[in-house]
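Before any comments, here is the structure.
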Amino acid sequence: MQHPYSNGVLIYNPEAGSLRKRCAELIRQVTTELDQAGIAVTPCSTTGPGTGEPLARKAVQSGADLIVVCGGDGTINEVVCGMAHSHVPLAVLPGGTANGLGRELRLPRDLRAAARRIPSAQPRRIALGRVGGQVGGRVEERYFLLMAGIGLDALVISRLPPRWKRRLGMAGYFLETVRQGLLGPLVPFVISSEGKRLQAAFACISKAQYYGPLRMTPEANIFSETFCVYCFPPRSRFRYFLYGLALLAGQLKRFPDIARYPARKIQCEASSTSSPIFFQVDGELAGQLPCTVELVSDALTLLVPTPSPVPETGRR
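Numbering (numbering that gives the first Met the number 0), first residue to last: 0 to 315.
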């Protein structure tokens, strides 16, 4: 079958979880699968954190007609930031630790199997999230596909030892979450949107149902034109322990003190200047408060496996 993609680029992260031990072999298998389907791609490796964005931007500027990204949610985020507002389609091969987007699109973890889904995938324009906040004393903006987290989860990411992430994967995140939940500061901040002004110690502003491997915000829809906001109030450490258990069990709905609402623009600011409050996007540390999060329509062409992973009736 002939496909219109004759000048594609495959951006991959050799340090991603499922690539680390057999990178050359797996990339060769993926490119072979695509070539057999009539899709030509040139492999291009990232060389460290932050290098996916310029690679994607260069691919767009050089006339690529398809970008395939193979890596974790952080690598995917970098590539998305480099191609936002272009019309070059993005295809995803989940190769990381949490693979939130892969779960959202119901892609198989096996990279060859995921590559076989690309030829029949349909291009679809979607909205992206965009967050602007303090990074190293200056204001920067960053796009995201899945979610932004403010407070506790970003603190966990900021304190997570890199060796834990490399060696333990999701277990490393879990251990650091427990450690910060017991010992770290639960610093309150103010979140404002849609006429609401609430106190929180953690907030998730989501475009997707999955928070890493966990289905945290089932009301969210990656194709929606609104965010799904979960606002966790300042409470005791024991209360946050219960929140964590409920998240693992898929029972957050049992806690009425967690505010849930749709929004398109959200502002977050610290309640005091005693200590910095961090935020993250798609699982990567992105800056500290204050920040503004907003939805940007018609920002990315995503190749969506068929049938569509989210029913049309679920759109908002």
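Each residue gets a CB set at the ideal place from its N, CA and C atoms; glycine is no exception.
| Asked | Found |
| --- | --- |
| Is the region 148 to 155 in contact with the region 248 to 258, if contact means three or more CB pairs nearer than 8 Å? | no |
| Would you report the Cα separation of residue 316 and residue 232, rounded to the nearest angstrom? | Look at the range of the chain in this structure, 0 to 315, and you will see that residue 316 is not part of it. |
| To the nearest angstrom, how far is it from the Cα of residue 171 to the Cα of residue 159? | 8 Å |
| Could you check what DSSP says for residue 4 in three-state terms: helix, strand or coil? | coil |
| Beta-carbon within less than 8 Å of residue 305's beta-carbon, same chain only, minus the 5 sequence neighbours each way: which residues are those? | 119, 120 and 121 |
| How many whole angstroms separate the CB atoms of residue 115 and residue 24, which I take to be in contact at a CB cut-off of 8 Å? | Contact flag wrong, Cβ pair sits at about 17 Å. |
| Can you give me the Cβ contacts of residue 0 inside the same chain, cut-off strictly under 8 Å, excluding the 5 residues immediately before and after it? | Because residue 0 sits at a pLDDT of 48, beneath the cut-off of 50, its placement in the model cannot be relied upon, and the following sentence gives the value as read from the coordinates. Only 36, 37 and 118 meet the Cβ criterion. |
| According to DSSP, simplified to helix, strand and coil, what is residue 271? | coil |
| Determine the DSSP secondary structure at residue 198, reduced to helix, strand or coil. | strand |
| Please identify the residue among 221, 188 and 220 whose C-alpha is closest to the C-alpha of residue 274. | 188 |
| Looking only at DSSP bridge pairs, what is residue 293 linked to? | 129 and 264 |
| Which residue's Cα is closest to the Cα of residue 209: 85, 157, 40 and 99? | 99 |
| For residue 277, which beta-bridge partners are listed by DSSP? | 287 |
| Specify, as a first and last residue, the run of the beta strand (DSSP E) that residue 53 falls within. | Counting along the chain, residue 53 falls outside any beta strand (DSSP E), though it belongs to the alpha helix (DSSP H) covering 51 to 60. |
| Return the CA-CA distance between residue 261 and residue 296, expressed in angstroms with no decimal places. | 15 Å |
| With residue 23 as the anchor, note down where its alpha helix (DSSP H) starts and where it stops. | 22 to 35 |
| Measuring CA to CA, which of 28, 303, 278 and 15 is closest to residue 111? | 28 |
| Please name the residue in 141, 80 and 267 whose C-alpha comes closest to that of residue 55. | 80 |
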